[in-house]
Amino acid sequence: MINTYKDLTVWQRAIELVEEVYKVSNKFPKEEIYGLTSQMKRASISIPSNIAEGRRRRTKADYFRFLIIAYSSGAELETQIEIAKRLKFIDSSNYSKLDNLLDEVMKMLNKMLNNSNKLKS
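Listed below in structure tokens is the structure:
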């Protein structure tokens with residue numbers, strides 16, 4: 004039974020994603036602290052934050068809108084992870100871990116959005 008956003012598997016996995024982003028990005032070159040490091044941290048934090056905020060909203064339309072924002076932040080993070088990989092800031096094992104976790108979160112969000120969209124029709 005889901006009583007709060009903390010009970011949502013997607014929120015839990017998104018929190019794990021934030022932790023991984025922090026671990027990996029803290030190893031980036033120091034000159035990236037206000038660049039890619041900061042961008043990745045903000046994008047990753049946005050995912051569970053918007054899931055939580057949307058869940059607390061009073062209407063399904065608001066919840067749907069916040070899920071879209073979370074999904075969009077995931078796409079932003081996906082791009083940033085790819086950039087970090089190409090710049091060789093992330094090794095292949097860390098890349099795979101981040102990529103797989105983000106992919107899992109994105110699939111869950113996509114499913115939630117599709118299900119919510121069906122309810123609206």
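Here our numbering is used: the first residue of the sequence shown is 4, the next is one more, and so on. Glycine is no exception: its CB is placed at the ideal position from the N, C-alpha and C atoms.
query	result
Give me, in chain order, the residues of the same chain whose beta-carbon lies closer than 8 angstroms to that of Asn117; leave out the 5 immediate sequence neighbours on both sides.	none
Between the segment 37 to 51 and the segment 73 to 92, are three or more C-beta pairs nearer than 8 angstroms?	yes
In terms of residue numbering, what span does the alpha helix (DSSP H) encompassing Thr40 cover?	Leu39 to Arg59
So which of Glu107, Glu85 and Tyr37 has the shortest CA-CA distance to Tyr74?	Glu107
Should Ile54 and Tyr8 be called a contact, given that it needs their Cβ atoms to be closer than 8 angstroms?	yes
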